[in-house]
Amino acid sequence: MKNIAILLSGRGSNFLALSDAIEAGKIPARIGLVISNRPEAAGLQHALDRGYKAICIPSKGMEREVYDQLVVKELQAENIDFICLAGFMRLLSDWFVRQYPQRILNIHPSLLPAFPGVHAQRQALCWGAKVTGCTVHFVDEQLDHGPIILQHPVPVLDDDTEETLSARILTHEHEIYPEALKIVCEGRYRIEGRRVLIDPAPDQLASRQLTIP
Ligand code: GRF
């Protein structure tokens, strides 16, 4: 059973998707801590409503490393194994990333390495991309850059607006983030360079063996 922290800044729909999957017993994990850097984040209230330990550490006006030290102190106090960034609108310092190497996950609303950074859906529309999507990846010292765990493509339709495209991508975010966290918590992966190689789930393995002639 892995102990998970979720860091968020806003709406918190990915947090809710992760929480739903964990509470349904689909992921061998518990949510030990939720941290928001914004007091008004809806996700913070959702976390409190669900009875999790949830705190706000306001980041406004704070130096990056000073802030990160406060956050890491809370994570260490709760013995957190993996950290899920779920709409956490702050860059982590290199120092923070080095405290949790390959133990921080992020969700990004594009098929990385296309369209990193903010407004990824708007970037895809402006570029004229025909396909975009979402990516769950491990966090390294560079923005939206670490080894990719899962991706899901989403077509860009001619009449898409930033809102309609974002909404279609979001439904897939809510599927692949829990799936990726499950793989990680079950230890069904190994990282070779930039590649995250995933072992099949035991049930997939069984059905595969059955079909071997
Ligand atoms: C999502 O689109 C996620 O991919 C991006 O920020 C947004 C967060 O949404 N990193 P929510 O707060 O999880 O609803």
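Reading the sequence shown from the start, the letters are residues 380 to 592 in the numbering used here.
Beta carbons: idealized from backbone N, C-alpha and C, even for Gly.
Beta-carbon separation (whole angstroms), residue i vs residue j, contact threshold 8 Å
i, j, result
"proline 495", "leucine 522", "6 Å"
"isoleucine 486", "asparagine 393", "6 Å"
"isoleucine 434", "isoleucine 410", "Their Cβ separation, rounded to whole angstroms, is 13 Å, which puts isoleucine 434 and isoleucine 410 out of contact at 8 Å."
"alanine 420", "glycine 440", "About 17 Å separates the two Cβ atoms, so there is no contact after all."
"isoleucine 562", "glutamine 481", "Not really, about 13 Å apart at Cβ, beyond 8 Å."
Nonlocal neighbours in the same chain, by C-beta distance under 7 Å from residue i, ignoring five residues either side
i, result
"aspartate 519", "Val476 and Gly525"
"leucine 491", "Thr514, His516, Asp523 and Ile527"
"isoleucine 555", "Cys513, Val515, Leu529 and His531"
"glutamine 478", "Val451"
"isoleucine 414", "Ala384, Leu386, Ile434, Ile436, Val450 and Glu453"
"glutamate 541", "Gln500, Arg501 and Leu504"
Proximity below 9 Å, CB of residue i to CB of residue j
i, j, result
"proline 437", "glutamate 565", "no"
"isoleucine 459", "leucine 397", "no"
"valine 497", "proline 534", "no"
"tryptophan 506", "alanine 493", "yes"
"aspartate 447", "leucine 423", "no"
"arginine 469", "arginine 443", "yes"
Other residues of its chain near residue i: CB distance less than 6 Å, five sequence neighbours each side excluded
i, result
"alanine 400", "Ile406 and Pro557"
"proline 488", "Ala499, Gln500, Cys513 and Ile548"
Cut-off 8 Å between Cβ atoms - residues of its own chain near residue i, not counting five sequence neighbours on either side
i, result
"leucine 576", "Tyr568, Arg569 and Ile570"
Practice task
Could you tell me whether the region 380-392 touches the region 448-468, using the rule of 3 or more Cβ pairs below 8 Å?
Solution key: Yes, since at least three Cβ pairs between the region 380-392 and the region 448-468 fall closer than 8 Å, the two stretches touch.
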